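One structure is given below, encoded as structure tokens.
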Amino acid sequence: MDKEKQFLLHRFKDLDQQAYYRNITTFSDFLTLNERSTLQENLEDYYCHISFFGGYDLSERQIAIFQSDAPFFYENVPISCIEIKPLSKKYAEKLTHRDVLGAFMHSGIERDQIGDILIISDKIYVFCTEKISAYIMQEISRIKHTSVMTRIVPMQDFDYQPEFKEVTTTISSNRLDTFTAAACNMSRGQTAEYIRSDQVFINGRLCNDVNHRLNDGDVISFRGKGKVVFDGVLGNTKKEKLRIRYRWYQ
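Okay, so the sequence shown: first residue is 32 according to our numbering, each after it adds one.
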């Protein structure tokens, strides 16, 4: 086990024991899919019930919540949603996820304090830990060459419906390797290597089993390529192939 994973597991155990022995709820910082998968590997080793939340449904970067028997409500998760928009639309650049994250890193903000970054039209929504929100509001006034304004959006007012690109195609089976090859336009050899090198997550969990069978509704994240919802098998072709539908997140 590498030192980074050891440190991460030690941190999880510490949060778990704090919550259990003090009868409180504790929270991690924002986790990557890999870190979340590490925690989910042995949930039975923890005293507390563990759940995940990133500020909205289907968020990728999420906080782990260690719950004792104390009453708990999701509105108490220490996550803030910050809306960022240009001071002047006329002079605003088209900003990317990388531009926004770069501005945050340049301001000295640690990556684990930042959750998902959503760009919706001319507005940017950033999920962050509550403790860093005031600092962001104070420090982030420009991204690239665009002057911006910020405000906190009450979580209950944030309503996000992701956009999708729907794809219908045929594959020989619903195995992970077969689907990945079709969805990502990869050869069989490339696909096996990609999956076995810990690049694919299904419903937030690492999956490096090329033979894994997909289920309807699975959310599959391909590192460096994007994320899809597998809607399932629509039927069979005359040549006994499966006609499937899936949707890429846009």
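Idealized CB from N, CA, C, for every residue including glycine.
Quantities reported herein were computed from a predicted structural model and do not represent experimental measurements.
Review point. Where are the beta strand (DSSP E) runs, 3 residues long or more, that stay fully inside the region 89–143, in chain order?
Key: 93–98 and 110–117
Practice item. Kindly indicate which three-state DSSP category Leu70 falls into: helix, strand or coil? Key: helix
**Study point:** Cut-off 7 Å between Cβ atoms - residues of its own chain near Lys272, not counting five sequence neighbours on either side
**Key:** Thr201, Ile202 and Ser203
Exercise for review: Give me the Cα-Cα distance between Ser252 and Tyr280, rounded to the nearest whole angstrom.
Suggested key: 10 Å
Practice item. At 3 residues or longer, and completely inside the region 249–280: list those beta strand (DSSP E) runs for me, N to C. Key: 250–253, 257–267 and 273–280
Check your understanding: When you compare each of Ile275, Arg274 and Arg254 to Asn65 by their alpha carbons, which one comes out closest?
Key -> Arg254
Check your understanding: Going by Cα to Cα distance, which pick from Asn205, Pro193, Gly146 and Phe232 is closest to Leu265?
Key -> Asn205
**Study point:** Limits of the unbroken beta strand (DSSP E) element including Gly235
**Key:** Counting along the chain, Gly235 falls outside any beta strand (DSSP E), and DSSP gives it neither H nor E.
Check your understanding: Are Pro117 and Thr177 touching if we call contact CB-CB under 8 Å?
Key -> yes
Point to revise | Integer Cβ distance of Ile148 from Ile155, believed to fall under 8 Å | key: 7 Å
Review point. What residue ranges within the region 184–230 form continuous beta strand (DSSP E) runs of no fewer than 3 residues, ordered along the chain?
Key: 195–202
Review point. Residues bridged to Phe84 by DSSP?
Key: Ile94
Check your understanding: Can the beta-carbon of Cys47 be found closer than 8 Å to that of Phe97?
Key -> Note on identity: in this sequence residue 47 is Asp, with Cys being the wrong assignment. Yes; because the gap between Cβ atoms is below 8 Å, this pair is in contact.
Point to revise | Distance, Asp45 Cα to Thr199 Cα | key: 46 Å
Exercise for review: Would you check if the region 74–89 and the region 130–140 touch, i.e. whether three or more CB-CB distances between them fall below 8 Å?
Suggested key: no
Point to revise | Where Phe158 falls, given that 16 or more other Cβ within 10 Å makes a residue buried | key: buried
Check your understanding: Going by beta carbon distance, what residues of the same chain come within less than 7 Å of Lys120, once the five residues before and after it are set aside?
Key -> Asp153
Check your understanding: In chain order, what residues of the same chain have a beta carbon less than 8 Å from the beta carbon of Leu126, not counting five sequence neighbours either side?
Key -> Ile150, Ile155, Ile174, Lys175 and Thr177
Review point. Straight-line CA distance for Gly235 to Lys196?
Key: 21 Å
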